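Peer 1: As you go down the protein sequences, you meet chains A and B in turn.
Per numbering that gives the first Met the number 0, the very first residue in the first sequence carries number 0; after that it's consecutive.
Per numbering that gives the first Met the number 0, the very first residue in the second sequence carries number 0; after that it's consecutive.
We treat Cβ as the ideally placed atom computed from N, Cα and C, and that holds for glycine.
All values derive from a computational prediction rather than experimental measurement.
Below you'll find the structure I mean.
Protein chains: 2
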Amino acid sequence: MKIFLKLSSLIFLLTIAFNKNTHAQQKPNIIVFLVDDMGWQDTSLPFWDKVTPLNRRYHTPNMERLAKEGMKFTNAYAMPVCTPSRTSMLSGMNSARSRITNWTSPAFNNPTDNQDEQFEAPDWNYNGLSPMDNVPHTQYATTYPELLKEAGYFTVHIGKAHWGSAGTAGASPYNMGFLVNIGGHAAGHPQSYLPADNYGNQPGKASWQAVPDLEEYYGSSDFLTEALTKEAIKTLENPVKNKQPFYLNMSHYAVHDPLQADPRFYQKYIELGLDVQEAKYASLVEGMDKSLGDIMDYLKRKKIDQNTIIIFMSDNGGLSLTPPRGGKPHTQNLPLKSGKGSVNEGGIREPMIVKWPGTTKPSSIAHQYVIIEDFFPTILEMAGIKNYKTVQQVDGKSFVPVLKKPDYSDNNRTLYWHIPNKWTTNDGPGINYRSAIRKGDWKLIYNMRDRSTNLYNLKTDIGEENDLALKFPDKVKELTTLLGTWLRSCKANMPIIKASGKSAPLPDEN
Amino acid sequence: MKIFLKLSSLIFLLTIAFNKNTHAQQKPNIIVFLVDDMGWQDTSLPFWDKVTPLNRRYHTPNMERLAKEGMKFTNAYAMPVCTPSRTSMLSGMNSARSRITNWTSPAFNNPTDNQDEQFEAPDWNYNGLSPMDNVPHTQYATTYPELLKEAGYFTVHIGKAHWGSAGTAGASPYNMGFLVNIGGHAAGHPQSYLPADNYGNQPGKASWQAVPDLEEYYGSSDFLTEALTKEAIKTLENPVKNKQPFYLNMSHYAVHDPLQADPRFYQKYIELGLDVQEAKYASLVEGMDKSLGDIMDYLKRKKIDQNTIIIFMSDNGGLSLTPPRGGKPHTQNLPLKSGKGSVNEGGIREPMIVKWPGTTKPSSIAHQYVIIEDFFPTILEMAGIKNYKTVQQVDGKSFVPVLKKPDYSDNNRTLYWHIPNKWTTNDGPGINYRSAIRKGDWKLIYNMRDRSTNLYNLKTDIGEENDLALKFPDKVKELTTLLGTWLRSCKANMPIIKASGKSAPLPDEN
Numbered sequence: 000m001k002i003f004l005k006l007s008s009l010i011f012l013l014t015i016a017f018n019k020n021t022h023a024q025q026k027p028n029i030i031v032f033l034v035d036d037m038g039w040q041d042t043s044l045p046f047w048d049k050v051t052p053l054n055r056r057y058h059t060p061n062m063e064r065l066a067k068e069g070m071k072f073t074n075a076y077a078m079p080v081c082t083p084s085r086t087s088m089l090s091g092m093n094s095a096r097s098r099i100t101n102w103t104s105p106a107f108n109n110p111t112d113n114q115d116e117q118f119e120a121p122d123w124n125y126n127g128l129s130p131m132d133n134v135p136h137t138q139y140a141t142t143y144p145e146l147l148k149e150a151g152y153f154t155v156h157i158g159k160a161h162w163g164s165a166g167t168a169g170a171s172p173y174n175m176g177f178l179v180n181i182g183g184h185a186a187g188h189p190q191s192y193l194p195a196d197n198y199g200n201q202p203g204k205a206s207w208q209a210v211p212d213l214e215e216y217y218g219s220s221d222f223l224t225e226a227l228t229k230e231a232i233k234t235l236e237n238p239v240k241n242k243q244p245f246y247l248n249m250s251h252y253a254v255h256d257p258l259q260a261d262p263r264f265y266q267k268y269i270e271l272g273l274d275v276q277e278a279k280y281a282s283l284v285e286g287m288d289k290s291l292g293d294i295m296d297y298l299k300r301k302k303i304d305q306n307t308i309i310i311f312m313s314d315n316g317g318l319s320l321t322p323p324r325g326g327k328p329h330t331q332n333l334p335l336k337s338g339k340g341s342v343n344e345g346g347i348r349e350p351m352i353v354k355w356p357g358t359t360k361p362s363s364i365a366h367q368y369v370i371i372e373d374f375f376p377t378i379l380e381m382a383g384i385k386n387y388k389t390v391q392q393v394d395g396k397s398f399v400p401v402l403k404k405p406d407y408s409d410n411n412r413t414l415y416w417h418i419p420n421k422w423t424t425n426d427g428p429g430i431n432y433r434s435a436i437r438k439g440d441w442k443l444i445y446n447m448r449d450r451s452t453n454l455y456n457l458k459t460d461i462g463e464e465n466d467l468a469l470k471f472p473d474k475v476k477e478l479t480t481l482l483g484t485w486l487r488s489c490k491a492n493m494p495i496i497k498a499s500g501k502s503a504p505l506p507d508e509n
Numbered sequence: 000m001k002i003f004l005k006l007s008s009l010i011f012l013l014t015i016a017f018n019k020n021t022h023a024q025q026k027p028n029i030i031v032f033l034v035d036d037m038g039w040q041d042t043s044l045p046f047w048d049k050v051t052p053l054n055r056r057y058h059t060p061n062m063e064r065l066a067k068e069g070m071k072f073t074n075a076y077a078m079p080v081c082t083p084s085r086t087s088m089l090s091g092m093n094s095a096r097s098r099i100t101n102w103t104s105p106a107f108n109n110p111t112d113n114q115d116e117q118f119e120a121p122d123w124n125y126n127g128l129s130p131m132d133n134v135p136h137t138q139y140a141t142t143y144p145e146l147l148k149e150a151g152y153f154t155v156h157i158g159k160a161h162w163g164s165a166g167t168a169g170a171s172p173y174n175m176g177f178l179v180n181i182g183g184h185a186a187g188h189p190q191s192y193l194p195a196d197n198y199g200n201q202p203g204k205a206s207w208q209a210v211p212d213l214e215e216y217y218g219s220s221d222f223l224t225e226a227l228t229k230e231a232i233k234t235l236e237n238p239v240k241n242k243q244p245f246y247l248n249m250s251h252y253a254v255h256d257p258l259q260a261d262p263r264f265y266q267k268y269i270e271l272g273l274d275v276q277e278a279k280y281a282s283l284v285e286g287m288d289k290s291l292g293d294i295m296d297y298l299k300r301k302k303i304d305q306n307t308i309i310i311f312m313s314d315n316g317g318l319s320l321t322p323p324r325g326g327k328p329h330t331q332n333l334p335l336k337s338g339k340g341s342v343n344e345g346g347i348r349e350p351m352i353v354k355w356p357g358t359t360k361p362s363s364i365a366h367q368y369v370i371i372e373d374f375f376p377t378i379l380e381m382a383g384i385k386n387y388k389t390v391q392q393v394d395g396k397s398f399v400p401v402l403k404k405p406d407y408s409d410n411n412r413t414l415y416w417h418i419p420n421k422w423t424t425n426d427g428p429g430i431n432y433r434s435a436i437r438k439g440d441w442k443l444i445y446n447m448r449d450r451s452t453n454l455y456n457l458k459t460d461i462g463e464e465n466d467l468a469l470k471f472p473d474k475v476k477e478l479t480t481l482l483g484t485w486l487r488s489c490k491a492n493m494p495i496i497k498a499s500g501k502s503a504p505l506p507d508e509n
């Protein structure tokens, strides 16, 4: 009996020892594969209920592969421009609350608003997100990579950051929770994708946008997308070898302007009849897709694909300004209306895919609407991190329940967009000085210029062509009130009317 | 009996399980604490057999503490200037072989040689060290941090790098084997030590030397030395938590020019009667020493001090040019002759301390001469890495036998210095166009200008005041032949005589 007891104690100790040893391996690795300026339709993977001409134009076999292994989200949203999306993701805050409502300049204290006859720019946080308090014109926040790092994750940022202006702590991924940073800084696009240009790092020519940290690839044949992918894989070697859970922010500069041909794919699209600009764009998309495939292959080769979550996302809709895009303006995201910068679906609906082995079912599809700030609580929940503290109020809601149950449905949830800025010189559909709300299938857009509202039913009218505002005044009132109340609750800022010197009214103000 | 067998099997399994679990912890952590431009006497820790006035001037209690816990080297050497030392350390190559014989400009393809009437500059590797082949004017090499990383070490670079020009892969610590880089790039000194200057990062003012990655400290009260120390400790949190062995290249910008007062220590030295420049310098030294203490305290707090090796070193002798230094030129390293840039002892002899718990005896002193390229094989041996492959021929020799046995003695070893460049505009003692050899207590210096040789016995004449060349012609011949043969064997380059267009002769050529 005594011996038996000892035996069981030993087995118990043995179990503890082995558990301790494998503990680090059991936390899932997490990859956010974030594309820049990629539209909802810029893929051969259909996110709508029909295959569109754009789906036939683009070739993204690895997105198809990821969707086959995981879950496709048909109603995933981001903000209309990059810094608001990226800082919402990192902080879990809606950009109306963070007041980071437009893109941040790489230069400090340099609001990016365009001049306007009617409005002065609002007093927004044009220096971006900050991990420190009391930095002028920034939102102070605790980022989820910081919380992941504290929980033992090896946190890696590769590629575009664009969270804050140079000279603020938020500009450096090192200050935002990352142990490694390759290529991330204050700039929002690459000076050049080309290794022959040293990605912009040329004496007397380098701008804010010259991509840092890639000296090894200067003059090589590695297009920027490829160089970043190689750096990501190189960096993961260490945590993989040490069985340490990692978080990879694989944040491509592609497919943002400048539209430069990825030579590996460009010719094909010319031969398929695309004009030069659109062929260049399509080559950027396919180069990005190859990166996804390379990373998936790497995970498989290292036998960690079954313990690695991949979240594919874009930060805003596809650019629909011409030039640089080819074709007619604002047709680049059809059937969606408008593009980057707009609160119309073309500016905010994103191609999103999540593979969480053991949780998401292969080839599953979720129609529940989700939004970029949801990444914050979702990723922390995936990592098993609870009771964390943040200095900011988090707006996002974990979509883990959706991942577990694809037919999860909550039509009472409200999503919000707010851009009281003049993003580009000329207004376009849904572009400049707009707020919007989605609840269920209904979407309402508020135009700060003339205080008009548009109401759409996205279920029957994904292209936002039929304004139902006159037909459903009660719905307009309900959504206008919800939107106004919410904007007020998070102290959202509004542009200043030049004529009166007063803030433009909120949607529900008389 | 059967149960007994099972029990022993379980104990065996348990042992394996625990061993596996603690394996990573058993590899020692390694810190190289590298100071910039610190002279052999710039410390209250005496490295000579007498306490000197300079030892009384400086306050470095943490160097004293480290020496008490480890081993002091009285005859440790580096190259006369920084890039040669730093690249020799990383590659294990003597700089005569790597042809990186002077400091590298942050600008690409920009030799740093001064104009000279007698000589054209040699064709040296003025773009520095490279982890890739075929980069113009670089030496291709495998670095030991790369080998450490491959062996599972978490490799961290903090502070000054200065291994290669901007635009080459060698400029970025990421390409040189480091998983993390904070503050290291192509520049060789900080634009400013002051947080109020953002360490140089100011619009319209930032030069190559503006220190990157420290946005979090802009406008704080953290002097550069302090900010880098905080970043180092922050970065170590992750490997320490995960019980992963780490290598930290704690590479301070201090005490390099610009001589700016570290406000925490400056006033004391003024009150002690130093002139302004020298008080500033002494404050930089003490700020650096505090950093060493902070790191030692951290290791103790984390209970990893008994498994962490610390190697303290400087990259060349103290600067003896005035200004920026105060006092009479070339007296700043007394009793040693000359200073930075010189092959005299003042330019190359370094304060070196090694603490390897369990190996080095407390308060031990080693008189065996060692040199910066020895760090390469030594550190790999400390990490238990054997049979590694390098693309370069390694000149360094492991000093682990010295660490194990302080009275280890090898007087037949030869050390070499070779600087066929014009480092500064005016020649000074041992400065510009010199080679040197040490064997036992003998040292011979070869002056390329007039082909003269000086012979010194360092045992009786550490100040190199008594030239014994005429008295010991056989010794001159022996050392001249050794030096010439060795320079020839490593294809060392020589300056070009303008009058003839030919290379200056090697020391043993007629």
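Mind listing the chain A neighbours of B:K240? Cutoff is C-beta to C-beta under 7 Å, in chain order.
Peer 2: Correct list: G151.
Peer 1: So what does DSSP say about A:L414, is it helix, strand or coil?
Peer 2: Note: A:L414 maps to strand in three-state DSSP.
Peer 1: Thinking C-beta only, is B:G169 closer than 8 Å to B:R141?
Peer 2: With the sequence shown as reference, residue 141 of chain B is identified as Thr, and Arg is not the correct amino acid for it. Not in contact: B:T141 and B:G169 (Cβ atoms no closer than 8 Å).
Peer 1: Could you give the uninterrupted runs of the alpha helix (DSSP H) lying entirely in the segment 24–106 of chain B, keeping only those of 4 residues or more?
Peer 2: Here the runs fully enclosed are 52–56, 60–68, 81–90 and 94–97.
Peer 1: Using 8 Å for Cβ pairs, my map puts A:G286 next to A:T234. What's the rounded Cβ distance?
Peer 2: No, A:G286 and A:T234 are not in contact; Cβ-Cβ is about 20 Å, not under 8 Å.
Peer 1: Which residues of chain B have a Cβ atom closer than 9 Å to the Cβ of A:V179, listed in chain order?
Peer 2: The answer, in chain order, is Y173, L178, V179 and N180.
Peer 1: Could you pull out every unbroken alpha helix (DSSP H) segment of at least 4 residues lying fully inside the segment 343–382 of chain B, listed in chain order?
Peer 2: Entirely contained in the segment 343–382 of chain B, the alpha helix (DSSP H) runs reaching 4 residues are, in chain order, 344–347 and 374–381.
Peer 1: Give a yes or no on whether 8 Å exceeds the smallest Cβ distance from B:Y252 to chain A.
Peer 2: Chain A, which has no Cβ nearer than 8 Å to the Cβ of B:Y252, makes this no.
Peer 1: Consult DSSP for B:Q190 and reduce its assignment to one of helix, strand or coil.
Peer 2: Three-state DSSP puts B:Q190 in coil, outside helix and strand.
Peer 1: Using only the alpha-carbon positions, how far apart do A:N248 and A:I157 sit?
Peer 2: About 6 Å.
Peer 1: Of all the residues that make up the segment 155–170 of chain A, which are near chain B by a beta-carbon distance shorter than 8 Å?
Peer 2: Listed by position, the residues of the segment 155–170 of chain A near chain B (Cβ gap below 8 Å) are A165, G166, T167, A168, G169 and A170.
Peer 1: According to a CB-to-CB cut-off of less than 9 Å, which residues of the segment 187–209 of chain B neighbour chain A?
Peer 2: Residues passing the 9 Å Cβ filter: N197, N200, Q201 and P202.
Peer 1: Output the distance between the C-alpha atoms of B:V210 and B:S164, rounded to the nearest integer angstrom.
Peer 2: Whole-angstrom Cα-Cα distance: 15 Å.
Peer 1: When the cut-off is 8 Å and only beta carbons count, does B:N126 lie next to chain A?
Peer 2: No - not a single Cβ of chain A is within 8 Å of the one on B:N126.
Peer 1: Ignoring anything shorter than 3 residues or poking outside the segment 398–480 of chain A, list the beta strand (DSSP E) runs there in chain order.
Peer 2: Within the segment 398–480 of chain A, the complete beta strand (DSSP E) runs of at least 3 residues are 413–418, 433–438, 441–446 and 452–456.
Peer 1: A:K26: which of A:M88, A:P356, A:G292 and A:W422 sits nearest, CA to CA?
Peer 2: Among A:M88, A:P356, A:G292 and A:W422, the Cα nearest to that of A:K26 is on A:P356.
Peer 1: Between A:M37 and A:V254, how many whole angstroms is the CB-CB distance? I'm expecting something under 8 Å.
Peer 2: Rounded, the Cβ-Cβ distance is 5 Å, consistent with contact.
Peer 1: Ignore the nearest five residues each way along the sequence and tell me which others in A:A226's own chain have a CB closer than 6 Å to its CB.
Peer 2: So the qualifying residues of the chain are L213 and Y216.
Peer 1: Mind the definition here: the segment 37–52 of chain A touches the segment 303–323 of chain A only if three or more C-beta pairs lie below 8 Å; say whether that holds.
Peer 2: The answer is yes - the segment 303–323 of chain A touches the segment 37–52 of chain A, with three or more Cβ pairs under 8 Å.
Peer 1: I need the straight-line Cα distance from B:R348 to B:I371, nearest angstrom please.
Peer 2: Approximately 10 Å, taken between the alpha carbons.
Peer 1: Does chain B have any CB closer than 8 Å to the CB of A:K302?
Peer 2: Closer than 8 Å: no.
Peer 1: Inspect the beta-carbon positions of B:Y455 and B:L469 and report whether they are closer than 8 Å.
Peer 2: Contact flag unset, no.
Peer 1: Considering only the beta carbon of each residue, do B:K71 and B:I352 sit closer than 8 Å?
Peer 2: Result yes, Cβ atoms of B:K71 and B:I352 sit closer than 8 Å.
Peer 1: Give me the chain A residues within the contact set of B:N344, using Cβ-Cβ distance strictly less than 9 Å, ordered along the chain.
Peer 2: Reading off the sequence shown, one finds Glu at residue 344 of chain B, where the question assumed Asn. Near B:E344 there are no residues of chain A at all, since even the closest Cβ is about 36 Å away, more than 9 Å.
Peer 1: Applying a beta-carbon distance threshold of less than 8 Å, which residues of chain B neighbour A:M131?
Peer 2: Within 8 Å Cβ-Cβ: E215.
Peer 1: Chain A partners of B:A231, CB-CB under 8 Å?
Peer 2: Going along chain A, no residue has its Cβ under 8 Å from B:A231, so there is no contact; the nearest lies around 12 Å.
Peer 1: Cutting at 7 Å between CB atoms, please list the residues of its own chain near A:C81, excluding the five before and the five after it.
Peer 2: Excluding positions up to five away in sequence, the list reads D35, W102, H161, G187, D314 and N315.
Peer 1: Is the Cβ of A:T234 closer than 8 Å to any Cβ of chain C?
Peer 2: Of the protein chains in this structure, namely A and B, none is chain C.
Peer 1: Let me see if you follow: with CB-CB separation under 8 Å, is A:F118 close to chain B or not?
Peer 2: No, because no Cβ of chain B sits closer than 8 Å to the Cβ of A:F118.
Peer 1: What's the gap between the Cα of A:L318 and the Cα of A:S87?
Peer 2: One C-alpha to the other measures close to 20 Å.
Peer 1: Please classify A:I392 as buried or exposed, where buried requires at least 16 neighbouring CB atoms within 10 angstroms.
Peer 2: It should be noted that the sequence gives Gln, not Ile, for residue 392 of chain A. Exposed is the call here.
Peer 1: What number of angstroms, rounded off, separates the C-alpha of B:G182 from the C-alpha of A:N180?
Peer 2: One C-alpha to the other measures close to 12 Å.
Peer 1: Comparing C-alpha positions only, which one of A:R300, A:D261 and A:L291 sits nearest to A:A281?
Peer 2: Closest by alpha carbon: A:D261.
Peer 1: Taking the straight line between their C-alpha atoms, what separation do you get for B:L478 and B:P506?
Peer 2: B:L478 and B:P506: Cα-Cα distance of roughly 9 Å.
Peer 1: Rounded to whole angstroms, how far is the Cβ of A:I418 from the Cβ of A:R433, which I believe are closer than 8 Å?
Peer 2: Their Cβ separation, rounded to whole angstroms, is 6 Å, which keeps A:I418 and A:R433 in contact under 8 Å.
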